[in-house]
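S.K.:
Below you can see the structure in the form of structure tokens.
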């Protein structure tokens, strides 16, 4: 998706969106990260843009979208958090700074007690602003989506931390789409043979399952209608992990 399309999508639920400011943040981030590439070879700007795209699915506000574009600028470029504040305001700078603190934190996740402490630390460092956590979850989702480019050891470490820290947080906050996606991505890394087996079986039976589900929904809705009960029903796609 082109950034112009992302702006259009954001505008659809944010009528007062300052499109010029959002575009200015994009251009600033693109210039700041010029010459940098992701490990998969893409220009670095593709990473914050992917995060913003995810955030628009959750109707994130203007400052959150701008902060997502700039979240790696203070850590990975010559610009500081003060530069961000000067150009985009204190509220955006606070969000960016909150994400930076989470990036720098170390989480001991090998045992249950340590896992609990890590979760407490995560929330404490989020500056009590859930938008920081939402940005970080979207960031982790894209990092896991591109984890195949990492060496195996780093990939396993990333997936383990995601499983033990980020998935429980997404679950606590009820951000199911990210939770489910992260579960499948971690499953693929940490138990690849079982993941492939289930994925192959799922593909084999998907159309039949879909047909039976649609028939069941149709029967139930007709029965409800006969009894003058108005209802809506739908299917929820289960993750491979679940």
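Residue numbers (the working numbering): 446 to 687.
Built from N, CA and C at the ideal position, the CB exists for glycine as well.
Quick caveat: nothing in here was measured; it's all calculated off a predicted structure.
(1) Measure from the alpha carbon of residue 679 to the alpha carbon of each residue in 668, 669, 662, 670, then state which is nearest.
(2) Would you mind stating whether residue 541 and residue 495 have Cβ atoms separated by less than 9 Å?
(3) In angstroms, rounded to a whole number, what distance separates the CA positions of residue 581 and residue 568?
(4) Got a sec, what are the start and stop residues for the alpha helix (DSSP H) residue 636 sits in?
(5) Using the Cα positions of residue 472 and residue 450, report the straight-line distance between them to the nearest angstrom.
(6) From the DSSP output, in three-state form, read off residue 596 for me.
(7) Are the region 582-592 and the region 617-631 in contact at 8 Å, needing three or more beta carbon pairs?
(8) List the DSSP bridge partners of residue 649.
(9) Have a look at residue 475 and residue 489 and give me their C-alpha separation to the nearest angstrom.
(10) What residues are listed by DSSP as bridge partners for residue 482?
(11) For residue 546, name the three-state secondary structure that DSSP assigns.
M.R.: Taking the coordinates as given:
(1) 662
(2) no
(3) 11 Å
(4) From DSSP, residue 636 is part of no alpha helix (DSSP H); its letter is neither H nor E.
(5) 15 Å
(6) coil
(7) yes
(8) For residue 649, which the question treats as bridged, DSSP gives no partner whatsoever.
(9) Those two C-alpha atoms are separated by around 8 Å.
(10) For residue 482, DSSP records a beta bridge to 488.
(11) helix
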